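Data first, discussion second: the structure below is written as structure tokens.
Residue numbers (my numbering): 1 to 140.
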């Protein structure tokens, strides 16, 4: 018997007064320097996929963040786990990621273990890197 993939979506964080539309491009071309004063990032909402390997499968998550002044104002992670263990760890990661990243600059954001889940963070970091590039390009 084949088990249908379970999709988990949890909306986390606070919008902090930023209007945005979900998608792969920034909805507001306003740019701001990252909190460290380095690279500039356009404010807006960005989405990207990231993947990571488990001993049994390759898993993918969809990460959506809202940026305001180079800082993560909101985060949403959607998982589509292939195995029961992945479902457990993705759920733990999704439940704890907002506490780790909301209010933090995207400039050099890297997460490791979140709520006991270490592999999911690899996919998250991959998605954040894609978002960082896109937000930087949008800032011009």
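By construction, the Cβ of each residue, glycine as well, lies at the ideal position given by its N, Cα and C atoms.
As the structure is a prediction and not an experimental result, all values here were calculated from the model.
For residue 147, I'd like the list of residues in its chain whose CB is within less than 8 angstroms of its CB, leaving aside the five on either flank, ordered along the chain. Nothing about residue 147 can be reported from this structure: the residues present for the chain run from 1 to 140 only.
Would you kindly check if the distance between the Cβ of residue 77 and the Cβ of residue 62 is under 9 angstroms? Yes, they are a contact pair.
Return yes when the Cβ of residue 47 is within less than 9 angstroms of the Cβ of residue 89, no when it is not. Not closer than 9 angstroms, so no.
Below 8 angstroms on the Cβ atoms is my guess for residue 97 versus residue 114; work out the distance and round it to an integer in Å. That pair is a contact at about 5 angstroms.
Can you tell which of 94, 109 and 100 has its C-alpha closest to the C-alpha of residue 39? Looking at the Cα atoms, 109 is the closest of the given residues.
Excluding the five sequence neighbours on either side, which residues of its own chain have a C-beta within less than 6 angstroms of the C-beta of residue 92, listed in chain order? So the qualifying residues of the chain are 115, 116 and 117.
Nonlocal neighbours in the same chain, by C-beta distance under 6 angstroms from residue 60, ignoring five residues either side: 49 and 51.
Are the Cβ atoms of residue 120 and residue 74 separated by less than 9 angstroms? No. Outside cutoff.
According to DSSP, is residue 94 part of a helix, a strand, or is it coil? DSSP places residue 94 within a helical segment (H, G or I) once states are collapsed to three.
Whose C-alpha, out of 69, 79 and 125, is nearest the C-alpha of residue 103? Among 69, 79 and 125, the Cα nearest to that of residue 103 belongs to 69.
Where does the unbroken beta strand (DSSP E) through residue 42 begin, and where does it stop? 40 to 42 is the extent of the beta strand (DSSP E) around residue 42.
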